[in-house]
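Enquirer: Per our numbering, residue 50 is the first one in the sequence shown, and the count goes up by one each step. Pasting in a structure now, in C-alpha cells, and then I'll have a few things to ask.
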Amino acid sequence: MGNPKQKWTSEEEEALRAGVAKHGAGKWKNIQRDPEFNHLLFSRSNIDLKDKWRNLSVANGQGSREKSKAPKTKANPAEAPATPLPVAQTSASIAPSTQDVSTDVVMVDSSRLLPEGNNAAKYNAIIFEALSTLKEPNGSDSSAIATYIEQRQEVPQNFKRALSSRLRRLVQQDKLEKVQNCYRIKSKPQLDTRSPMIRQNEPQPRQVQSIGYLGNTVEEAAVSAAYKIAEAENKSFVAAEAVKEAERVSTMAENMESFLQFATDCFDQSINCKLRFLCILLAVHLVLSHDSYNSFAVLVL
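Right under this line is the structure:
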C-alpha cells in the first residue's frame, strides 16, 4: 500500500485521467489493474485515486468555462500561423488538447457519482449482516466485523480504513450505537414494539389473520352460502306444493258443493215421485172397491 501523502506526479495525473476516460469514474480497481496504467498507479490505493480525481474534477470544473472559449479563437483561420510550427511547439500544443479532452470527460463523469452511493449502501448491508450474524451482546469491534467480511468476499487494500469511516457514519446517522469500542445495531424504541399490540386491540381482526385461516373462512362461507341457497330452494318448493294442495282442496270443495246440490234436487224429485205413485195406487184400490165417488176424488187429486 502506497504512502497517501506522497505528491502526485504529472505522469500519474495523466494516467488517472486516461484511466477514467477509458473505464469511467469509480472504477478505480479496474484502472489499477489495467496494464496501461498499472506501472504508474500501482502505489496508489482506491481512496487515493478517488480523492485525487475529486480534486482534479473541482480544479478542471473551475477552468472549463474559460477553456470552452479557446476553440473559437483557434478556429479562426486568419489568426493561424502561416509558417509550420517546430516539433517542440507541436508537442506542446498537443498536450493542452489532451487536457481539454480530459476536461470534457470530467464534465461528463462528474455526474457519475452513483457507484459511490451504491458502494455505501453495499457497505451498510454487509455491516448489518455481520452484526446480525455475530450477535455479540455488547456489540462487535471493527476488527471482528472486518474479519467476518474478509472471510466472505474480496476486499480492497484500504478496506479497514473505509470500514471504520463507514461505522462512524452509521453511528452519526443513529443506525448503530457505539459501546466503548464495539458497535451494535441500535435497538428500536419501545413504542414500535407496543404498536402491534395496540393495533391488535382495534376492531379489525380479519386483517391480521393468516392466509390459511382466511382460506378456511372462505371455504366455510361458501359452504354456508350453498346451504342457505338449498334451504331457500326447499322452502320455495314446499310453498309451491302448499299452493297446489290448497287449489286442489278448493276445487274438491266446489265439486262437492255441486254434487250436494245435485243430490238435493234428486231427492226432492224422488219424494214427489213417491207421493204421486202412492196416490195412483190409492186410486186403483178405490176403483177396484167400486167406490166411484172416492175414486173420482182421488183422480182429481
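Built from N, CA and C at the ideal position, the CB exists for glycine as well. None of the values given here were measured: they were computed from a predicted structure.
(1) Starting from the C-beta of T196, find all residues in its chain whose C-beta is less than 8 Å away, skip the five residues before and the five after it, and write them out in chain order.
(2) Leaving out the 5 sequence neighbours to the left and right, which residues in its chain are closer than 7 Å to Q55 when beta-carbon positions are compared?
(3) In angstroms, rounded to a whole number, what distance separates the CA positions of S307 and E269?
(4) In the structure shown, what three-state DSSP assignment does E203 receive?
(5) Hey, how far is the Cα of L163 from the Cα of N187?
(6) In angstroms, rounded to a whole number, what distance separates the CA positions of R66 and S236?
(7) Within 10 angstroms of the Cβ of Q200, are there 16 or more other Cβ atoms? Answer buried if so, exposed if not.
(8) What residues in its chain sit with their C-beta under 6 Å from that of D153, if we drop five residues either side in the sequence?
(9) Taking its Cβ as the centre, do 16 or more other Cβ atoms sit within 10 Å of K283, making it buried, or is it exposed?
(10) To the nearest angstrom, how far is it from the Cα of E63 to the Cα of S214?
(11) Kindly identify the DSSP beta-bridge partner or partners of R233.
(12) Can you give me the C-alpha to C-alpha distance between E303 and C322, rounded to a whole angstrom?
(13) Flag this pair as yes or no: are the beta carbons of I175 and L219 separated by less than 8 Å?
(14) Exposed or buried, what is L309 when buried is set at 16 or more other beta-carbons lying within 10 Å of its beta-carbon?
(15) Starting from D317, follow its DSSP beta bridges and name the residues at the other end.
(16) Measuring alpha carbon to alpha carbon, tell me which residue in F91, F86, Y172 is nearest K209.
(17) Could you name the residues of the same chain whose beta carbon sits closer than 6 Å to that of Y232, not counting the 5 residues immediately before and after it, in chain order?
(18) Can you tell me which residues form a DSSP beta bridge with S189?
(19) Measure the CB-CB distance between A74 and W102 and report whether it falls below 8 Å.
(20) Distance, Cα to Cα, L89 vs Q202?
(21) Under DSSP, the alpha helix (DSSP H) around W390 begins and ends at which residues?
(22) Could you check the C-alpha separation between P84 and N207 for me, to the nearest Å?
(23) Tell me whether R210 sits in a helix, a strand or coil according to DSSP, three-state version.
(24) Under 7 Å: does the beta carbon of E294 sit that close to some heavy atom of the ligand GTP?
(25) Please classify F352 as buried or exposed, where buried requires at least 16 other C-beta atoms within 10 Å of its C-beta.
Expert: Looking at the coordinates:
(1) Here residue 196 corresponds to residue number 147 of the sequence shown, with the count starting at 1. Counting only Cβ-Cβ distances below 8 Å, and skipping sequence neighbours, we find nothing.
(2) Taking the sequence shown and counting its residues from 1, one reaches residue 55 at position 6. Beyond the five residues adjoining it in sequence on each side, Q55 comes within less than 7 Å, by CB distance, of no other residue in the same chain.
(3) Within the sequence shown, residue 307 is the residue found at index 258, counting from 1. Within the sequence shown, residue 269 is the residue found at index 220, counting from 1. Those two C-alpha atoms are separated by around 57 Å.
(4) For the purposes of this step, residue 203 is taken as residue 154 along the sequence shown, with counting starting at 1. In the three-state DSSP reduction, E203 falls in the coil class, being neither helix nor strand.
(5) As a position in the sequence shown, residue 163 is number 114, starting the count at 1. As a position in the sequence shown, residue 187 is number 138, starting the count at 1. Confidence is the limiting factor: at L163 the pLDDT is only 33, short of 50, which leaves the residue's position unreliable and the question unanswerable from this model.
(6) Within the sequence shown, residue 66 is the residue found at index 17, counting from 1. Within the sequence shown, residue 236 is the residue found at index 187, counting from 1. One C-alpha to the other measures close to 45 Å.
(7) What you label residue 200 is simply residue 151 of the sequence shown in a count that begins at 1. Exposed is the call here.
(8) The count along the sequence shown starts at 1 and reaches residue 153 at position 104. Confidence in D153 is poor, its pLDDT being 41 and thus under 50, which makes the residue's placement unreliable; the coordinate value appears in the next sentence. Beyond the five residues adjoining it in sequence on each side, D153 comes within less than 6 Å, by CB distance, of no other residue in the same chain.
(9) Residue mapping note: residue 283 aligns to position 234 of the sequence shown, counting from 1. What sits at residue 283 in the sequence shown is Asn, not Lys. Under this definition N283 is an exposed residue.
(10) As a working mapping, residue 63 is identified with position 14 in the sequence shown. As a working mapping, residue 214 is identified with position 165 in the sequence shown. Going by the C-alpha atoms only, they are around 29 Å apart.
(11) For the purposes of this step, residue 233 is identified with residue 184 of the sequence shown, where counting begins at 1. Per DSSP, the beta bridge partners of R233 are E226.
(12) Residue mapping note: residue 303 aligns to position 254 of the sequence shown, counting from 1. Residue mapping note: residue 322 aligns to position 273 of the sequence shown, counting from 1. Cα to Cα, the separation comes out at about 29 Å.
(13) By one-based count along the sequence shown, residue 175 stands at place 126. By one-based count along the sequence shown, residue 219 stands at place 170. Result no, Cβ atoms of I175 and L219 do not sit closer than 8 Å.
(14) By one-based count along the sequence shown, residue 309 stands at place 260. It counts as exposed.
(15) To locate residue 317, count along the sequence shown from 1; it is residue 268. In the DSSP output, where bridge partners are listed per residue, D317 has none listed.
(16) As a position in the sequence shown, residue 209 is number 160, starting the count at 1. Looking at the Cα atoms, Y172 is the closest of the given residues.
(17) Numbered from 1 along the sequence shown, position 183 holds the residue referred to as residue 232. G188, L216, L225, listed in sequence order.
(18) Here the question's residue 189 lines up with position 140 in the sequence shown. Answer is Y232.
(19) Residue 74 sits at position 25 when you count from the first residue of the sequence shown. Residue 102 sits at position 53 when you count from the first residue of the sequence shown. Yes; because the gap between Cβ atoms is below 8 Å, this pair is in contact.
(20) Locating residue 89 in the sequence shown gives position 40, counting from the first residue. Locating residue 202 in the sequence shown gives position 153, counting from the first residue. A direct Cα-to-Cα measurement between L89 and Q202 gives close to 27 Å.
(21) Outside the shown range of the chain, which is 50 to 350, sits residue 390, and nothing can be said about it.
(22) Looking up residue 84 in the sequence shown gives position 35. Looking up residue 207 in the sequence shown gives position 158. Just so you know, the alpha carbons of P84 and N207 end up roughly 21 Å apart.
(23) For this step, residue 210 is matched to residue 161 along the sequence shown. DSSP places R210 in helix when its eight states are reduced to three.
(24) As far as ligands go, the structure on display features none, and thus does not contain the ligand GTP.
(25) The chain is shown only over 50 to 350; residue 352 falls outside these bounds and no answer can be derived.
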